[in-house]
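Student:
Numbering (this note's numbering), first residue to last: 43 to 564.
1) Comparing alpha-carbon positions, which option in 213, 93, 127 and 503 lies nearest residue 527?
2) Taking the alpha-carbon of residue 45 as reference, which of 476, 551, 397 and 424 has the nearest alpha-carbon?
3) With a threshold of 6 Å on Cβ separation, who are the neighbours of residue 199 within its own chain once the five nearest residues in sequence on each side are excluded?
4) Going by the CB atoms, is the gap between residue 350 and residue 366 shorter than 8 Å?
5) When DSSP labels each residue in this structure, what does residue 135 get in the three-state scheme?
6) For residue 187, which residues from the same chain have a beta carbon less than 7 Å from its beta carbon, with the 5 sequence-adjacent residues on both sides left out?
7) Whose CA, out of 426, 82, 371 and 231, lies closest to the CA of residue 484?
8) Is residue 555 buried or exposed, if buried means 16 or more other CB atoms sit within 10 Å of its CB?
9) So, helix, strand or coil for residue 84, using DSSP?
10) I need the DSSP call for residue 349, collapsed to helix, strand or coil.
11) Assign residue 244 to one of three DSSP states: helix, strand, or coil.
12) What are the boundary residues of the beta strand (DSSP E) that residue 432 is part of?
13) Of all the beta strand (DSSP E) runs that stay within the bounds of the stretch 73-132, which reach a length of 3 or more residues?
14) Does the Cβ of residue 111 have 16 or more other Cβ atoms within 10 Å, making it buried, or fewer, making it exposed?
15) Please classify residue 237 as buried or exposed, where buried requires at least 16 neighbouring CB atoms within 10 angstroms.
16) Of the residues 169, 83 and 379, which one's Cα is nearest the Cα of residue 125?
17) Restricting to Cα atoms, I'd like to know which of 547, 538, 504 and 531 is closest to residue 598.
18) So is residue 290 buried or exposed if we call it buried at 16+ other beta carbons inside 10 Å?
19) Under the assumption that residue 175 contacts residue 327 (Cβ atoms under 8 Å), give the Cβ distance between them as a whole number of angstroms.
20) Among the residues of its own chain, which have a CB less than 8 Å from the CB of residue 415, if the five just before and after it don't count?
21) Could you work out which residue in 333, 539 and 424 is closest to residue 180 when comparing CA atoms only?
22) Just curious, the beta strand (DSSP E) that residue 53 is in, first and last residue?
23) Determine the closest residue to residue 376 out of 132, 408, 69 and 233, with distance taken between C-alpha atoms.
24) Relative to the C-alpha of residue 368, which candidate in 331, 450, 480 and 394 has its C-alpha closest?
25) For the alpha helix (DSSP H) containing residue 227, list its first residue and its last residue.
26) Per DSSP, what kind of secondary structure is residue 558 in: helix, strand or coil?
27) Is the CB-CB distance between residue 373 and residue 189 below 8 Å?
28) Give the range of the alpha helix (DSSP H) segment to which residue 388 is assigned.
29) Relative to the C-alpha of residue 61, which candidate in 133, 196 and 178 has its C-alpha closest?
30) For the beta strand (DSSP E) holding residue 155, just list the boundary residues, first then last.
31) Name the residue from 94, 82 and 49 whose alpha carbon lies nearest to the alpha carbon of residue 535.
32) Closer than 7 Å by C-beta to residue 150: which residues in its own chain qualify, once you throw out the five before and the five after it? Chain order, please.
33) With DSSP run on the structure shown, which of helix, strand or coil describes residue 265?
34) Report buried or exposed for residue 34, applying the criterion of at least 16 other Cβ atoms within 10 angstroms of its Cβ.
35) Compare the Cα-Cα distances from residue 352 to each of 96, 100 and 557 and report the closest residue.
36) If residue 551 and residue 329 are in contact, beta carbons under 8 Å, what's the gap, nearest whole angstrom?
Rendered as structure tokens:
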């Protein structure tokens, strides 16, 4: 019996383990007008405070909504919450709709992208200034690309099954070690996610107006596409930062990761220094370091811990170890009114469990570059017949299909244990469905979307047609988990909380920022 099969059997002995997985979703979507153009109106009043509402906020721009579910243990609960939040938001948006694609709708001028506003408190102003820095560093268009983030953790019983009885400190350390093993395997094989679920094989030509690209685009009217691409959102065209490519952030241990991250937030960038930090009375960015703050690190997966008041993300990780992981490589699913569906959640359950139970040797810089090269191949030409990926630094290659089948042989074992624990067939059914997608890449979401884009005559027409359908289905949705009363109460509570924050006397904004970043001097 392999080590993987032994570990799987060990955790499966406790039938509750697989029913106690914790999941949460953050879904981003642009508000847009009937003609397919970006909405330039402020965040809808009826949604309460974007700064303090638990479920509905904004990301980079006033027009970029972000919906956040709390943590739950049932897939049905998770999706029910997400549907309820979408329903409530749509009732407050008038004729505006939610753009159903990751890559932005038509943007006539980048200056139309208004930065998200969070009120007059120092902390609210800092959030907007951070976005001003992103705008000046990378441009606003890149920042309004939408995605879905999947937050995930195992129950303590999972780790107890693997590591046996431990002291509190030993458990904290072994959990962190286990999550970093998972992260390394995610870098190795996580390209399966854009292969199956990538949904940005095409972009609106306005997205690259004035930018150089060597990609051999073909076109359908004003839509540019690559015939075998899966997720241009994850390519160098999309949500990336060239300044970060030189960062040495490793994933062999929590200590190595934090060391690299702390160096990045303390390393001055000559390029960003040219922007200036405060010019006259105008702030242009938080600082001129490679990362203004830790959230600026663009990674397909992040180790996380809920921070205490006043605590930075890295301080929280250093204090308590890894609590959960955030999967960041999911495109918005254009075939779901809420951007993600049940099959995707169940696949992520299986894949992340497999990644945690599989052998995961420490990773060299050479290997990390090799895995990144594989990801880049899959996002730009993942549906190309016979595509070969590197197995490591020694030059050995394997076809995407053969490698995926190898992983699925073990995923099927995980699926069987999940289904035995729940008494159903849902997980094995997802495995069978996706295994067919390995053999026929045109069944993948990017394959379906490119087909529909060609049939309808362009990405704008796809987005407008799907968006109109989803506006109606979201409006017609009946509450499953929440209620209109509960959502309205959160609107009122969030406004009151923001007003209370703004009523407290504060130091000057200059003093506030100096105090916030004083930890960088330590």
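Glycine is no exception: its CB is placed at the ideal position from the N, C-alpha and C atoms.
Only a predicted model underlies this, so the values are computations on that prediction, with no experimental measurement involved.
Tutor: Put simply:
1) Taking the chain shown and counting its residues from 1, one reaches residue 527 at position 485. It is 127 whose Cα lies nearest to the Cα of residue 527.
2) For the purposes of this step, residue 45 is taken as residue 3 along the chain shown, with counting starting at 1. Closest by alpha carbon: 397.
3) Locating residue 199 in the chain shown gives position 157, where the first residue counts as 1. 56 and 59.
4) In the chain shown, residue 366 corresponds to position 324, counting from 1. In the chain shown, residue 350 corresponds to position 308, counting from 1. In this structure, residue 350 does not lie closer than 8 Å to residue 366 by Cβ.
5) Along the chain shown, read from residue 1 onward, the residue named residue 135 stands at position 93. Three-state result, residue 135: coil.
6) Position 145 of the chain shown holds residue 187. For residue 187, where only same-chain residues beyond five positions count, the Cβ hits under 7 Å are 144, 145, 146, 275, 280 and 281.
7) In the chain shown, counting from the first residue as 1, residue 484 sits at position 442. Checked all of 426, 82, 371 and 231; the closest Cα to residue 484 is 426.
8) For this step, residue 555 is matched to residue 513 along the chain shown. Flag for residue 555 reads buried.
9) Looking up residue 84 in the chain shown gives position 42. Correct three-state label for residue 84: coil.
10) Counted from its first residue, the chain shown places residue 349 at position 307. Of the three classes helix, strand and coil, the one that applies to residue 349 here is coil, per DSSP.
11) In the chain shown, the residue the question calls residue 244 occupies position 202. Residue 244 falls in the strand class under three-state DSSP.
12) If you number the chain shown from 1, residue 432 lands on position 390. Residue 432 -> beta strand (DSSP E) spans 430-432.
13) Counting whole runs of 3 or more residues, the stretch 73-132 contains the beta strand (DSSP E) stretches 98-100 and 106-110.
14) As a working mapping, residue 111 is identified with position 69 in the chain shown. Buried is the call here.
15) In the chain shown, residue 237 corresponds to position 195, counting from 1. Classification of residue 237: buried, given that the 10 Å Cβ count is 16 or more.
16) Indexing the chain shown from 1 puts residue 125 at position 83. Ranking 169, 83 and 379 by Cα distance to residue 125 puts 379 first.
17) The question about residue 598 has no answer, for the chain in this structure spans 43 to 564.
18) By one-based count along the chain shown, residue 290 stands at place 248. Burial call: exposed.
19) Residue mapping note: residue 175 aligns to position 133 of the chain shown, counting from 1. Residue mapping note: residue 327 aligns to position 285 of the chain shown, counting from 1. Contact holds; Cβ gap of about 3 Å.
20) Numbered from its first residue, the chain shown carries residue 415 at position 373. Correct list, in chain order: 432.
21) The residue given as residue 180 occupies position 138 in the chain shown. Restricting attention to 333, 539 and 424, the CA atom closest to the CA of residue 180 is found in 333.
22) The sequence position of residue 53 within the chain shown is 11, counting from 1. Element bounds for residue 53: not the beta strand (DSSP E) but the alpha helix (DSSP H), 45-54.
23) On the chain shown, residue 376 is found 334 positions in, with the first residue counted as 1. Comparing Cα-Cα distances from residue 376 to each of 132, 408, 69 and 233, the minimum goes to 69.
24) As a working note, residue 368 is residue 326 in the chain shown. Among 331, 450, 480 and 394, the Cα nearest to that of residue 368 belongs to 394.
25) To locate residue 227, count along the chain shown from 1; it is residue 185. Residue 227 -> alpha helix (DSSP H) spans 210-231.
26) Along the chain shown, one-based indexing puts residue 558 at 516. Correct three-state label for residue 558: helix.
27) Sequence index remark: in the chain shown, residue 373 carries index 331 (1-based). Sequence index remark: in the chain shown, residue 189 carries index 147 (1-based). Against a cut-off of 8 Å, the Cβ pair of residue 189 and residue 373 comes out as a contact.
28) As a first step, residue 388 must be located in the chain shown, where it is residue number 346. Looking at the DSSP string, the run of the alpha helix (DSSP H) that includes residue 388 is 384-399.
29) The count along the chain shown starts at 1 and reaches residue 61 at position 19. The option with the nearest alpha carbon to residue 61 is 196.
30) Your numbering for residue 155 matches position 113 in the chain shown. For residue 155, no beta strand (DSSP E) segment is defined, and its DSSP state is neither H nor E.
31) As a first step, residue 535 is located in the chain shown; it is residue number 493 there, counting from the start. Per the Cα distances, 94.
32) Indexing the chain shown from 1 puts residue 150 at position 108. Only 79 meet the Cβ criterion.
33) Working through the chain shown from its first residue, we reach residue 265 at position 223. Looking at residue 265 - three-state DSSP - the assignment turns out to be strand.
34) What is shown of the chain runs 43 to 564, which leaves residue 34 out entirely.
35) In the chain shown, the residue the question calls residue 352 occupies position 310. It is 557 whose Cα lies nearest to the Cα of residue 352.
36) Here the question's residue 551 lines up with position 509 in the chain shown. Here the question's residue 329 lines up with position 287 in the chain shown. Rounded, the Cβ-Cβ distance is 14 Å, inconsistent with contact.
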